[in-house]
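Heads up, the thing below is written out as structure tokens.
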């Protein structure tokens, strides 16, 4: 059984309600149809019901069991307006502005539904930039208690791969923080370990990646990962973590023996922490496209309730997978 099939089974055990606000996107409509048929989650779609059903007819799919909410006709619109106003009034939000936003921005409407506990999570990003997807989540839901910062990760499932956890890895941060400080990288490592344990069920083995292994190169970027490793050991002593490590030293046992002898992480890593967003984004897309890997995300970690992003190059199957993962996150929230 594949990793994502295991996640789907977990999602079915305690079915959650997930919002899909991008109802003009055909991949989203197809995904919603499959999610409901497979019993993975209950689905709320936001928009004009007639247009959504016309799209379903054109695609020759069924949306039986999907709840469709038109913000203009929603019985709870006034409640949502007040909730958005109260949440953002210190940032200049007015009641009039809150109403205008909720009637025009389906992503914010979806996040407010999650905030109001009328949905358990939201998935979007198939036709929106990551910033547009994540901004309302960060502004409205905020960080979870005890979390230093919100970060993004991908779960990567690489076929026929002997490395990682049977070819499954967590890559972070690939979607949110542009150039994290050493302190932030250490925090990302900690939340990534928790995400990997909860979503994969295996012990997280964390590599702080660099173009250097144990001092083989000298550069300020190397220094950043060395310092991030030091801080992580100090603040999160229970983590199985090491750095700085080149990717081959982190993954390949034979390389690890020569480049990082004695490291308990080298050659065994399944959680890869990248120095910055450039590295993370480039890395996951290379693995996805060249190794034909399944890439689920960017998932958010550290936020109060689950809202997750999609790559604009995603397939409908990717959306199904991220919804299943979001549902499992909601079970654990």
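Numbering (the working numbering), first residue to last: 1 to 333.
Positions of the beta carbon are idealized from the N, C-alpha and C atoms, including for glycine.
Keep in mind that this is a model prediction, so the values were computed, not measured.
**OP:** Would you tell me roughly how many angstroms separate the C-alpha atoms of residue 56 and residue 70, rounded to the nearest one?
**Re:** One Cα belongs to residue 56, the other to residue 70, and the distance between them is close to 16 Å.
Original post:
By a C-beta neighbour count over all protein chains shown, 10 Å radius and 16 as the cutoff for buried, is residue 58 buried or exposed?
Top reply: It is exposed - the Cβ of residue 58 has fewer than 16 other Cβ atoms within 10 Å.
Original post:
Closest by CA to residue 162, which one among 18, 268, 272 and 40?
Top reply: Per the C-alpha coordinates, the member of 18, 268, 272 and 40 positioned closest to residue 162 is 268.
**OP:** Pull up the CB-CB distance for residue 121 and residue 330, whole angstroms please, since I reckon it's below 8 Å.
**Re:** Going by Cβ atoms, the distance from residue 121 to residue 330 rounds to 5 Å, so yes, they are a contact pair.
**OP:** Might you give, ordered along the chain, the residues of its own chain that have their beta carbon closer than 6 Å to the beta carbon of residue 34, omitting 5 neighbours on each side?
**Re:** Excluding its 5 nearest sequence neighbours in each direction, residue 34 has C-beta neighbours in its own chain below 6 Å: 320, listed in chain order.
Original post:
Under the three-state reduction of DSSP, which class applies to residue 66: helix, strand or coil?
Top reply: Coil.
**OP:** Tell me, please, whether the region 152-160 touches the region 96-110 by the rule of three or more beta-carbon pairs shorter than 8 Å.
**Re:** Here the region 152-160 does not lie against the region 96-110, with fewer than 3 beta-carbon pairs under 8 Å apart.
**OP:** Thinking residue 172 and residue 7 are a contact (beta carbons under 8 Å), I'd like their distance in whole angstroms, please.
**Re:** About 18 Å; that fails the 8 Å criterion.
Original post:
Which residues mark the beginning and the end of the beta strand (DSSP E) in which residue 152 is found?
Top reply: Taken as a continuous stretch (DSSP letters only), the beta strand (DSSP E) holding residue 152 covers 151-157.
Original post:
Rounded to whole angstroms, how far is the Cβ of residue 111 from the Cβ of residue 68, which I believe are closer than 8 Å?
Top reply: The beta-carbon distance between residue 111 and residue 68, rounded to whole angstroms, is 18 Å. This is too long to meet the 8 Å contact definition.
Original post:
When you compare each of 300, 313, 88 and 304 to residue 325 by their alpha carbons, which one comes out closest?
Top reply: Among 300, 313, 88 and 304, the Cα nearest to that of residue 325 belongs to 300.
**OP:** Output the distance between the C-alpha atoms of residue 45 and residue 143, rounded to the nearest integer angstrom.
**Re:** When rounded, the distance between both Cα atoms is 25 Å.
Subject >> Counterpart residues of residue 196 in DSSP-defined beta bridges >> reply: Residue 196 is not bridged to any residue.
Original post:
Any idea if residue 18 is buried or exposed, counting beta-carbon neighbours within 10 angstroms, 16 or more meaning buried?
Top reply: Residue 18 counts as buried, since at least 16 other C-beta atoms from the protein chains shown sit within 10 angstroms of its C-beta.
Original post:
What is the DSSP secondary structure of residue 81, counted as helix, strand or coil?
Top reply: Three-state DSSP puts residue 81 in a helix.
**OP:** Locate the beta strand (DSSP E) running through residue 244, then write down its first and last residues.
**Re:** In the DSSP annotation of this structure, the continuous segment of the beta strand (DSSP E) that includes residue 244 starts and ends at 241-245.
**OP:** State the Cα-Cα distance for the pair residue 294 and residue 318, rounded to the nearest angstrom.
**Re:** If I take the Cα positions, the gap works out to 8 Å.
**OP:** Measure from the alpha carbon of residue 25 to the alpha carbon of each residue in 225, 310, 333 and 327, then state which is nearest.
**Re:** Residue 310 is the option with its Cα nearest to residue 25.
Subject >> Extent of the continuous alpha helix (DSSP H) run through residue 205 >> reply: No alpha helix (DSSP H) contains residue 205, which DSSP labels as neither H nor E.
Subject >> Whole-number beta carbon distance between residue 123 and residue 270, since they are thought to touch under 8 Å >> reply: With a Cβ gap of about 24 Å, residue 270 and residue 123 do not count as contacting.
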